[in-house]
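Notes to accompany the following structure.
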Amino acid sequence: MTEKTDTKFRKPGFTAAIVVGLLMGLFCGLFFGEYTRWIKWMGDAFVGLLQMAILPYVAVSLIVNVGRLTSTSGARLLRVSVLVLAILWAVGLATLLIMMQAFPAWDTGSFFSSLFTEEPPAHNWLDLFIPSNPFRSLADNSIPAVVVFSIGIGIALTMIPNKEVFLDPLDVLVAALSKLNKLVVKLTPIGMFAIVAYATGTTDVVQFALIQGYLLTYCVTAIVLTFIVLPAMVSALTPLKFWDVLRVSYDPLIAAFVIGNSFVVLPMVIESIKQLEEKQMELDDPDDHAPEYLVPLAYPFPDVGRIVGLIFIPFAAWFYGNTIDLDRYPALMGVGLLGSFGKPVITIPLLLNLAEIPGDIFNLFLASGVIAARFGDLMKTMHLFAFTLLVSFALRGMMRLNWPKLIVQFAGSTILLLAAAFLIRGYLDANFKDYYSKEKLVTEREMEFPSTRPLSNINPSVLTESNPNPDPIQEGESRIDRIKRRGVIRIGFDSDKMPFSYFSASNQLIGFDIEMAYYLADDLKVNIEFVPMDRNDLESELRNDHFDLAMSAIEGTVGHAVELPSIVSYMDVTLAVVVPDYMKHNFRTPETILGTPDLKLAIVKNSFFADRAPKVIPDNVELVEIESASEYFEGIHTQVNGLVISAESGSAWTLRRPRFTVANPLKSRIKVPLYYLTSADTQFQVFLNNWLLLKRAEGTYQQLYDHWILGEDNQEKSPRWCVIRDVLGWVD
């Protein structure tokens, strides 16, 4: 038997010390702001000390306590544990389904994401669950594998008659590890101070503006589950009172929330449950040490917090104005439940891919972890309390099914969750709809050039008609010589190539290629004339010297390769299909396209897609040539179901036309090269190739790609607000 529960560190003075440390950390963070960065090592050291003995404690405790079970008690433990876990999972899934109603429906779009072309990371289920090398599993903190190994050893010990010879010394080790954990826990007030001070002083609250809907829903759900639903369920099924469950779980919940790690509070959970059970049963009960193996047993399995965390997927769909087809939910729930055994950083990208949601929102998920993960630890900790108490009382035959109380609490919890969901829905619908409108992100986007080249004297002019250059190239003169002599470079543009070249809401010519033209002109120390070009007569306009260079996302075609000189491709884009939101499920794969009758897809004349689409699109699809992409989005061709276009351009168009979405039926297998085109001039061609290489090397290309294609803003981060600088003015 282990030593009696030591509750010294549970006295009110210890809880008060934790609260004082938390409040002092909060004050320190607000007062000093980012000057608290140095204190991070104290918080890291505290968490490291907490983790030091936890995994060995879990492993040895499971071996000892499972090893002492008989075959009969072990089988009973398995049945009861599976049943209780299934009940808790059902509560989590029901909560998830209710809280999904918090997101109102509206249409919006998104920029292109590089994850559109990448396969999501996959779980290595064998490494996660199979301890092929137990020591590596311990070193890697692979909790499921360690639990499997420990349970396996414990089960083997149940069949050995003289097992006490081995288990008694392990009891001493368990007691030593438990005592070590208690010694470290006494440092909790100091650790709380350091962790809260650093988090408060350095967390950028601005980044959470983009994910308020998710954080609001997730955090409210966590509070309701942790402090109402789960304690109420325990009180309805056991002799325990609702307030007793909350009172004894107070310290572990605070610690898990502030530290941001439920694993390190396992000893606190075990001691709290022992303290609670002492009031309900005799200390000489043969199973009085059940919490020591039930808590570690439950830890590696998905908890209600992990299940509720899947709310990020419907949030992401809402954020982008998408809808998830009903037939996708069973697969998403199944994969999400299995994925909950692993880490969310692997599971969430996989689920986003399955739901066909742009993966760039995953970065917002990571940013939200500073707050959301702490509420997840709240739910995880209360989940461990609920599981351990329910199983422990069931094994002792002390479960009582109070139907009236259970029905009242079930109905009350359901009504409370529904009320929370619809209150949040109303708040989001009233306050966030304009905030999440994405059209201005593309129509009012500003160029980076003025801030990066503030001394530039470029004053561009945009012509309304395309005519030959009024100053022809003289005999023996190269094109680049003429450009320098005139002090002007003529750039051909197509204003229908968003986000590469298009007119903003203020009628300014902007885009990736337009800004590249600014850098080209500035490097040559000349001005710019933008000349509208006709994509159907591009070769002729170049030969007749209408412009020096065509820069508007021109796809490489066989015709261009034959007629025009070779310049290196500056970008590869991805073939995709833009379709109305309600038809996205018809374009998941080539097979779903084949199964949809009477489909018509538009292709822009004289584009790569016009050349390539007939070779890759299934035969049952009729292809319709149109003059420009805008014709499709403006509804001129109402009989057409979709537009074959690059994912990069299509994504930008969905920002202006949010009822459309980008489908990826070919799974990014076809890349389309983009070129800047000029007429024959070897010197100019060599210069352009070298200039493109230079722009890549110096980072200009990547900066513009992030800004125009990915929709990122390169803004300098302002210092975190703090009292010492922004109120007292003691520091700059």
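Going by the numbering used here, the final residue of the sequence shown carries number 1396, and the count climbs one at a time with no gaps. The C-beta atom is built at its ideal place from N, Cα and C for all residues, glycine as well.
Item: Three-way DSSP call (helix, strand, coil) for L757 in this model; Value: helix
Item: Pick from P895, A1050, T1325, E1291 that is closest to A962, judged by C-alpha positions; Value: A1050
Item: Cβ pair count under 8 Å reaching 3, the stretch 681 to 697 against the stretch 855 to 868; Value: yes
Item: Cβ neighbour criterion (16 or more within 10 Å) applied to A1185; Value: buried
Item: Beta bridge counterpart(s) of Y1166 as assigned by DSSP; Value: D1160, I1174
Item: Pair within 8 Å by beta-carbon distance, I1155 and I1122; Value: no
Item: Beta-carbon contacts of D791 that lie in its chain and below 6 Å, excluding the five residues immediately before and after; Value: none
Item: Cross-strand partners of F1324 (DSSP beta bridge); Value: P1244
Item: Pick from F976, S899, S735 that is closest to L761, judged by C-alpha positions; Value: F976
Item: Inter-stretch contact at 8 Å, needing at least 3 Cβ pairs: the stretch 736 to 749 / the stretch 1339 to 1347; Value: no
Item: Supposed contact pair M1043 and V972 - C-beta distance, whole angstroms, cut 8 Å; Value: 7 Å
Item: Sequence-distant residues of the same chain with beta carbon closer than 7 Å to L1258, five excluded per side; Value: P1282, N1284
Item: CB contact flag (T620, V1243, <8 Å); Value: Residue 620 falls outside the range modelled here, since the chain spans only 665 to 1396, and no answer is possible.
Item: Three-pair Cβ contact test at 8 Å for the stretch 1206 to 1216 versus the stretch 1142 to 1161; Value: yes
Item: Residue interval of the alpha helix (DSSP H) (run including M706); Value: 704 to 716
Item: Given 8 Å, three or more beta-carbon pairs between the stretch 818 to 827 and the stretch 709 to 717; Value: no
Item: Element boundaries [alpha helix (DSSP H), containing L841]; Value: 828 to 849
Item: Whole-angstrom distance between R1321 and H1249, CA atom to CA atom; Value: 19 Å
Item: Cβ-based burial, Q1366 [other Cβ within 10 Å; buried from 16]; Value: exposed
Item: Bridge partner(s) assigned by DSSP for I937; Value: The partner list for I937 (beta bridge, DSSP) is empty, contrary to what the question assumes.
Item: Selected residue, minimal CA-CA separation from L1374, among A1266, S1382, I1025; Value: I1025
Item: Close-in-space but distant-in-sequence residues of the same chain around S801 (CB under 7 Å, 5 per side omitted); Value: P795, A809, V810, F813
Item: Anticipated Cβ contact below 8 Å, A886 with G969, distance rounded; Value: 7 Å
Item: Buried/exposed call for T864, threshold 16 Cβ in 10 Å; Value: buried
Item: Local Cβ density within 10 Å of Y1234, reported as buried at 16 or more and exposed below that; Value: buried
Item: Of the listed residues G697, K1264, E1255, nearest to N1328 (C-alpha basis); Value: E1255
Item: Sub-8 Å separation of I988 and A1019 beta-carbons; Value: yes
Item: Backbone CA spacing between L1358 and M1111 [nearest angstrom]; Value: 20 Å
Item: Heavy atom of the ligand FMN within 7 Å of S936 beta-carbon; Value: Ligands in the displayed structure: none, and consequently the ligand FMN is not present.
Item: Residues bridged to L974 (per DSSP); Value: Paired residues: none, contrary to the question.
Item: Range covered by the alpha helix (DSSP H) that runs through G877; Value: 876 to 888
Item: Contact under 8 Å by Cβ, A1266 with L1307; Value: yes
Item: Whole-number beta carbon distance between A981 and I937, since they are thought to touch under 8 Å; Value: At roughly 39 Å, the Cβ-Cβ gap does not stay under 8 Å, so I937 and A981 are not in contact.
Item: Which of helix, strand or coil DSSP assigns to D1212; Value: coil
Item: Cβ-Cβ distance between I718 and F927 below 8 Å; Value: yes
Item: Buried versus exposed, by CB contacts within 10 Å (16 or more), F1057; Value: buried
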